[in-house]
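J.: Taking this note's numbering, the leading residue of the sequence shown gets 281, the next gets one more, and so forth. Following this message is one structure expressed as structure tokens.
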Amino acid sequence: MKIAIVGCGFVADYYMLTLANHPELELVGAFDRDEVARRRFAAHFGVTMFDSFDALLSTSGAELLLNLTNPSSHYDVTKAGLLAGLHVYSEKPLAMAIAEAEELVSIARERGLQLAAAPCSYLGEAATALGREIATGRIGEVRLVYAEMEDGMVFRERHAEWQSPSGAPWPSRDEFAVGATLEHAGYYLSWLCAFFGPVVEVTAFAARCFDDKGTGQPPEELANDLSVSCLRFSSGVVARLSCGLVAPKDRSLHVIGTEGILSLTEAWDYASPIYLRDVTGHWQTRPAILGKVFERLARGRPLRHWFGRRLAYARGSARVPGTSSRMDFARGPAVLAAAVEAGRPLEFGADFALHITELALVAQNAGDYAMPYRPRSTFSRPPVSAGGGLQDLEHGGAVGKRHDRTVGEAPR
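Okay, structure coming up:
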């Protein structure tokens with residue numbers, strides 16, 4: 281399928297680096313409103329650049345538009361793409377307002393177009409393996425999930441020096457104005473919704489803990505840098521998701537069932553380790569004495585929740601960035617393209633993207649909503665099943681091979 285990119289900033293490099301995993305996607309052109317960004321992108325990747333967005337939409341021949349612009353432009357760019365008759369895959373969030381996201385979904389539905397949004401990490405091997413362990417009853421009936429999406433105090437780091445492989449600067453002002461929750465909560469929200477169905481009730485709290493992010497922006501231009509959301513899913517599972525830029529870096533997930541606990545160390549790694557402990561949090565080892573030894577070693581140590589039995593699962597062969605974001609960013613667009621070409625609905629399509637966007641917006645701006653909040657969006661796909669689930673992952677033959685190649689060495 282022919283694709284086009286709008287927005288040639290920092291994240292665009294991650295898509296370019298992982299497009300090699302999906303030769304069925306043919307990049308026919310790109311556009312950025314910043315001339316410097318256009319020249320930099322063209323020089324580094326050898327991409328055909330268009331002088332205007334309208335020209336790209338009307339003359340590139342693209343069928344699928346990748347909207348990689350800054351969040352404030354997501355709604356306008358996606359809407360223009362849909363109205364031009366293109367399927368659209370957007371970076372997160374789908375829009376900066378729930379009503380705008382709803383409008384985009386309506387336009388896509390009315391025109392028979394596919395619409396989806398990042399993140400696509402729920403299609404990764406680690407997420408799929410975890411989902412299958414849950415569905416097969418490995419830990420009994422799931423009752424509670426703790427999800428951490430803490431990125432640490434990046435505003436105290438030398439973020440002004442961070443660059444992508446092509447030389448695009450990390451968009452610090454956008455990151456701090458949009459907020460860590462809108463930028464990152466979707467990673468685990470998408471996993472949890474894929475596993476347990478739509479959220480039916482949210483109780484969230486958000487705050488700005490630091491008024492100075494080192495960018496010169498006044499406090500009123502900065503988003504909340506902490507959110508905590510308590511979620512109730514249609515399946516009855518409850519979860520707590522924390523997201524922010526204050527607490528030490530921690531992107532772990534703990535799924536507590538009636539018969540055991542599954543823990544995953546890193547949401548941004550498609551090959552993240554997964555550990556199994558019994559329902560009391562003890563090691564499941566033979567002989568038992570080893571479990572007791574390791575429990576004693578684990579006491580008081582920061583990594584104590586990783587002391588458990590590491591589960592084996594098939595890694596993929598996809599190339600991923602050699603950074604903390606070890607994910608196949610182009611897998612989402614590839615899955616969308618495969619659905620279009622097969623003439624079938626996209627499992628995690630427009631309704632799913634809208635639901636994740638609504639949840640993230642409510643968490644980021646919790647003070648603007650009465651709590652508990654009952655989402656007005658939902659999606660019809662059932663939770664992941666023991667028979668496999670997350671079926672779109674099979675696209676591209678990524679299952680069953682080692683996940684051991686990295687490309688690019690950009691920070692972050």
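Here a beta-carbon is modelled for each residue, glycine too, at the ideal position from N, C-alpha and C.
Please report the distance separating the alpha-carbon of phenylalanine 290 from that of aspartate 312.
T.: The residue labelled residue 290 in the question sits at position 10 within the sequence shown. The residue labelled residue 312 in the question sits at position 32 within the sequence shown. Straight-line Cα distance between these residues: approximately 12 angstroms.
J.: Determine the DSSP secondary structure at valine 559, reduced to helix, strand or coil.
T.: Within the sequence shown, numbered from 1, the residue matching residue 559 stands at position 279. Coil.
J.: Can you tell me whether proline 625 is buried or exposed? The criterion is at least 16 other CB atoms within 10 Å of its CB, across all chains shown.
T.: On the sequence shown, position 345 is the one that residue 625 refers to. By the 10 Å Cβ count, proline 625 comes out exposed.
J.: Tell me which residues share the same chain as leucine 299 and place their Cβ nearer than 7 angstroms to its Cβ, disregarding the 5 neighbours each side in the sequence.
T.: For the purposes of this step, residue 299 is taken as the residue at position 19 of the sequence shown. Only Leu305, Leu307 and Ala610 meet the Cβ criterion.
J.: Go ahead and pull the three-state DSSP assignment for valine 615.
T.: On the sequence shown, residue 615 is found 335 positions in, with the first residue counted as 1. Helix.
J.: From the DSSP output, which residues share a beta bridge with phenylalanine 513?
T.: Position 233 of the sequence shown, counting from 1, holds the residue named residue 513. Paired residue(s): Val479.
J.: Work out the CA separation of alanine 292 and valine 526 for me, nearest whole Å.
T.: As a first step, residue 526 is located in the sequence shown; it is residue number 246 there, counting from the start. As a first step, residue 292 is located in the sequence shown; it is residue number 12 there, counting from the start. Cα-Cα distance, rounded: 26 angstroms.
J.: Could you give the distance in angstroms between the alpha-carbon of glutamate 382 and the alpha-carbon of proline 445?
T.: Along the sequence shown, read from residue 1 onward, the residue named residue 382 stands at position 102. Along the sequence shown, read from residue 1 onward, the residue named residue 445 stands at position 165. Near 35 angstroms, if we compare the C-alpha coordinates of proline 445 and glutamate 382.
J.: If lysine 541 and valine 517 are in contact, beta carbons under 8 angstroms, what's the gap, nearest whole angstrom?
T.: Counting from 1 along the sequence shown, the entry for residue 541 is found at position 261. Counting from 1 along the sequence shown, the entry for residue 517 is found at position 237. The identity of residue 541 in the sequence shown is isoleucine, whereas the question assumes lysine. So it is not a contact: roughly 14 angstroms between Cβ atoms.
J.: Do you know how far the Cα of threonine 461 is from the Cα of alanine 448?
T.: Translated into the one-based positions of the sequence shown, residue 448 becomes position 168. Translated into the one-based positions of the sequence shown, residue 461 becomes position 181. Those two C-alpha atoms are separated by around 23 angstroms.
J.: Which residues does DSSP pair with aspartate 312 in a beta bridge?
T.: The residue labelled residue 312 in the question sits at position 32 within the sequence shown. Aspartate 312 pairs with nothing; no bridge assigned.
J.: Are the CB atoms of alanine 551 and glutamate 405 within a distance shorter than 9 angstroms?
T.: Against the sequence shown, residue 405 aligns to sequence position 125. Against the sequence shown, residue 551 aligns to sequence position 271. Closer than 9 angstroms, so yes.
J.: Under 8 angstroms Cβ to Cβ from tyrosine 467, same chain only, skipping five residues before and after it: list those, please.
T.: Residue 467 sits at position 187 when you count from the first residue of the sequence shown. Taken in chain order, the residues that qualify are Pro399, Ser401, Met429, Arg531, Ala547 and Trp548.
J.: At 4 residues or longer, and completely inside the region 392-434: list those alpha helix (DSSP H) runs for me, N to C.
T.: 405-415
J.: Starting from histidine 635, trace the alpha helix (DSSP H) in both directions and tell me its first and last residue.
T.: The residue you call residue 635 lines up with position 355 of the sequence shown. If you look at histidine 635, you'll find it in the alpha helix (DSSP H) that goes 630-644.
J.: Less than 9 angstroms separating the beta-carbons of glycine 701 and arginine 436?
T.: The structure shown does not extend to residue 701, since the chain is modelled only from 281 through 692, so no value can be given for it.
J.: If you count every other CB in all the chains shown that lies within 10 Å of the CB of cysteine 473, and 16 or more means buried, which is it?
T.: Here the question's residue 473 lines up with position 193 in the sequence shown. The residue is buried, with at least 16 neighbouring Cβ atoms inside 10 Å.
J.: Considering only the alpha carbon of each residue, which of His635, Tyr426 and Asp454 lies closest to histidine 439?
T.: As a position in the sequence shown, residue 439 is number 159, starting the count at 1. The candidate whose alpha carbon is nearest that of histidine 439 is Asp454.
J.: Return helix, strand or coil for valine 291, following the three-state DSSP convention.
T.: What you label residue 291 is simply residue 11 of the sequence shown in a count that begins at 1. DSSP places valine 291 in helix when its eight states are reduced to three.
J.: Cβ atoms of isoleucine 536 and valine 425: under 9 angstroms apart, would you say?
T.: Walking along the sequence shown from the start, residue 425 turns up at place 145. Walking along the sequence shown from the start, residue 536 turns up at place 256. Contact flag set, yes.
J.: In whole angstroms, what separates the C-alpha of alanine 614 from that of proline 655?
T.: Position 334 of the sequence shown, counting from 1, holds the residue named residue 614. Position 375 of the sequence shown, counting from 1, holds the residue named residue 655. Near 29 angstroms, if we compare the C-alpha coordinates of proline 655 and alanine 614.
J.: Since phenylalanine 321 and alanine 310 should fall inside the 8 angstroms C-beta cutoff, what is the C-beta to C-beta distance between them, to a whole number of angstroms?
T.: Against the sequence shown, residue 321 aligns to sequence position 41. Against the sequence shown, residue 310 aligns to sequence position 30. That pair is a contact at about 6 angstroms.
J.: Can you tell me whether DSSP reads methionine 296 as helix, strand or coil?
T.: The sequence position of residue 296 within the sequence shown is 16, counting from 1. In the structure shown, methionine 296 sits in a helix (DSSP, three-state: H, G or I).
J.: Along the chain, which unbroken stretches of the beta strand (DSSP E) at least 3 residues long are found entirely within the region 367-395?
T.: 367-370
J.: Quick one, are the C-beta atoms of leucine 384 and leucine 616 less than 9 angstroms apart?
T.: Here residue 384 corresponds to residue number 104 of the sequence shown, with the count starting at 1. Here residue 616 corresponds to residue number 336 of the sequence shown, with the count starting at 1. Their beta carbons are not under 9 angstroms apart, which means leucine 384 does not touch leucine 616 by this criterion.
J.: Quick one: what does DSSP say asparagine 301 is sitting in, helix, strand or coil?
T.: Taking the first residue of the sequence shown as 1, we reach residue 301 at position 21. In the structure shown, asparagine 301 sits in a helix (DSSP, three-state: H, G or I).
J.: Could you name the residues that DSSP lists as bridge partners for leucine 542?
T.: The residue you call residue 542 lines up with position 262 of the sequence shown. DSSP, once it has assigned bridges, lists Val535 and Leu556 as partnering leucine 542.
J.: Under the three-state reduction of DSSP, which class applies to glycine 524: helix, strand or coil?
T.: Numbered from 1 along the sequence shown, position 244 holds the residue referred to as residue 524. Three-state result, glycine 524: strand.
J.: Please indicate yes or no: does the CB of leucine 410 lie closer than 8 angstroms to some heavy atom of the ligand ADP?
T.: Because no ligand of any kind appears in the structure shown, any question about the ligand ADP cannot be addressed here.
J.: Starting from the C-beta of methionine 281, find all residues in its chain whose C-beta is less than 8 angstroms away, skip the five residues before and the five after it, and write them out in chain order.
T.: Here residue 281 corresponds to residue number 1 of the sequence shown, with the count starting at 1. Contacts found: Glu304, Leu305, Glu306, Glu343, Leu344, Ala617, Val620 and Glu621.
J.: With DSSP run on the structure shown, which of helix, strand or coil describes alanine 666?
T.: Stepping through the sequence shown from its first residue, residue 666 is reached at position 386. Note on alanine 666: pLDDT 45, under 50, position unreliable in the model; the coordinate value appears next. Looking at alanine 666 - three-state DSSP - the assignment turns out to be coil, as it is neither helix nor strand.
J.: Would you call the CB atoms of glycine 629 and alanine 379 closer than 9 angstroms?
T.: Indexing the sequence shown from 1 puts residue 629 at position 349. Indexing the sequence shown from 1 puts residue 379 at position 99. When the beta-carbon positions are compared, glycine 629 and alanine 379 stay at least 9 angstroms from each other.
J.: So leucine 403 packs on histidine 367, CB below 8 angstroms; how close in whole Å?
T.: The residue given as residue 403 occupies position 123 in the sequence shown. The residue given as residue 367 occupies position 87 in the sequence shown. At roughly 17 angstroms, the Cβ-Cβ gap does not stay under 8 angstroms, so leucine 403 and histidine 367 are not in contact.
J.: So what's alanine 650 in DSSP terms, helix, strand or just coil?
T.: By one-based count along the sequence shown, residue 650 stands at place 370. Coil.
J.: Rounded to whole angstroms, what's the CA-CA distance from lysine 359 to arginine 418? Just pull it up for me.
T.: Translated into the one-based positions of the sequence shown, residue 359 becomes position 79. Translated into the one-based positions of the sequence shown, residue 418 becomes position 138. C-alpha separation (whole angstroms): 43 angstroms.
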